[in-house]
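Report on the following structure.
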Amino acid sequence: MEAETDPSGNLALVRERMAKAASKAGRRLEDITLIGVSKVHGPERIAPVIAAGLKDFGENKVQEAAAKWPALRQSHPDLTLHLVGPLQTNKVRDAVALFNVIHAVDRDKLAAKLAGEIAASGRAIRLFIQINTGEEAQKAGVLPAEADAFIARCREEHGLPIEGLMCIPPLDEEPALHFALLAKIAERNGLEKLSMGMTADFEKAIALGATHIRVGTALFGERPKPAAKAPQG
Ligand SMILES: *Cc1c(COP(=O)(O)O)cnc(C)c1O
């Protein structure tokens, strides 16, 4: 289904799909948070969705978010901003200042840096650990076999209150297998939140227990392709 150019109409459609999936799964709609992933889109496209009542938004780059969101937030200080992309340690301070939820904690160096910056800022940042369920070399996230130990280190060594797990399934595999694996790892580690499901597969994610779905295209339309980058030296 093609997303039309009316973002607030799209929001109603996505909420209908969520409601259907939740009801089919015997789950309550209010236990599932819709995150509008607004990466690449400008304020003119985001503002109507804010006006239509969505409270949670996601971005995948700290710098892009820092350029867009302070202005958008001024009239809506109650918005929750989620970082859904990988985080470099040199951007942790900016990320902690801007975001409310970070979905891609995936290594000790990052966990340690986050612990320090969160303590220094006094902000209550909610944290998800990204699991590389497809064991893809190019993808961020902790390998499934290393997940339990990393979750334990985040809690015990870094003192981080981990809230849940996040995954991005490989493009060419059945996402349900990855959602089920993520749910299993969360359950055995006593984690209640699952950030999984995007435009193409969020109904499946809801069926398998998603508490946070990350939806871009169905809300904001197709993303413009980034211009080809000049090779970097
Ligand atoms: C872009 C992105 C999404 C949204 O993808 P759509 O297919 O457009 O819904 C979700 N999660 C992450 C991590 C993303 O980078």
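Position one of the sequence shown corresponds to residue 12 (the numbering used here), numbered consecutively onward.
Built from N, CA and C at the ideal position, the CB exists for glycine as well.
- Between the alpha carbons of residue 33 and residue 60 lies a distance of about 22 Å.
- Nearest neighbour of residue 21 by Cα position, chosen from 162, 158 and 226, turns out to be 226.
- When the beta-carbon positions are compared, residue 90 and residue 113 stay at least 8 Å from each other.
- When distances are taken from the beta-carbon of residue 228 to the heavy atoms of ligand 1, the shortest one is below 7 Å.
- In this structure, residue 192 lies away from residue 228, with their beta-carbon atoms at least 8 Å apart.
- With distances taken between CA atoms, residue 161 lies nearest to 118 out of 87, 138 and 118.
- Under the 8 Å Cβ criterion, the region 185 to 200 does not count as touching the region 24 to 44, having fewer than three qualifying pairs.
- Residue environment analysis places residue 132 among the exposed positions, since fewer than 16 neighbouring C-beta atoms fall within 10 angstroms of its C-beta.
- Residue pairing for residue 169: DSSP places it in no beta bridge.
- Around the Cβ of residue 101, a 10 Å sphere holds fewer than 16 other Cβ atoms; the residue is exposed.
- The way I'd put it, the region 196 to 215 does touch the region 167 to 181; three or more beta-carbon pairs between them come closer than 8 Å.
- Residue state for residue 69 is assigned as strand, using DSSP reduced to three classes.
- In its chain, beyond the 5 residues on either side, 54 have a beta carbon closer than 8 Å to the beta carbon of residue 82.
- Our two residues, residue 18 and residue 223, have alpha carbons roughly 20 Å apart in a direct line.
- Taken from the Cβ of residue 53, every heavy atom of ligand 1 lies 7 Å or farther away.
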